[in-house]
Amino acid sequence: MCTNIVEQTPVTGAARGERGWFKVKTALVSYDHPVRLTDEHALNIDLLSDALSERIAIELDATSARALVASIDEALRQAEAMDAIV
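Start counting the sequence shown at 7; every next residue gets the next number (this note's numbering).
And the structure:
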């Protein structure tokens with residue numbers, strides 16, 4: 007069954023694809039059927055530029071996705087404690 011869960015957010019960043027680095031302007035986060043991962047459902051992250059051809063796709067199982075969120079939160083917490091976030 008498709009969940010049709012999709013969240014979109016504007017982001018500022020960069021990603022490295024097959025043709026080198028490109029600006030990332032949009033992040034799509036969905037929980038639905040993956041393309042390559044063998045799980046029934048996965049957390050899917052797409053980092054996109056303005057050009058449709060520039061895209062990085064990630065598929066994670068729910069446990070890995072939660073671990074990634076925790077790692078991101080912890081890295082940002084440490085950076086804030088050091089006054090490193092501008």
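Virtual Cβ for every residue (Gly too), placed ideally from N, Cα, C.
- A distance of 8 Å or more separates the beta carbons of V30 and I51.
- Here L74 carries a helix assignment [DSSP, helix/strand/coil].
- Nearest neighbour of H39 by Cα position, chosen from I64, R72 and A87, turns out to be I64.
- Note on E60: 16 or more other CB atoms within 10 angstroms of its CB, so buried under the neighbour-count rule.
- DSSP places N50 in the uninterrupted beta strand (DSSP E) bounded by A48 to L54.
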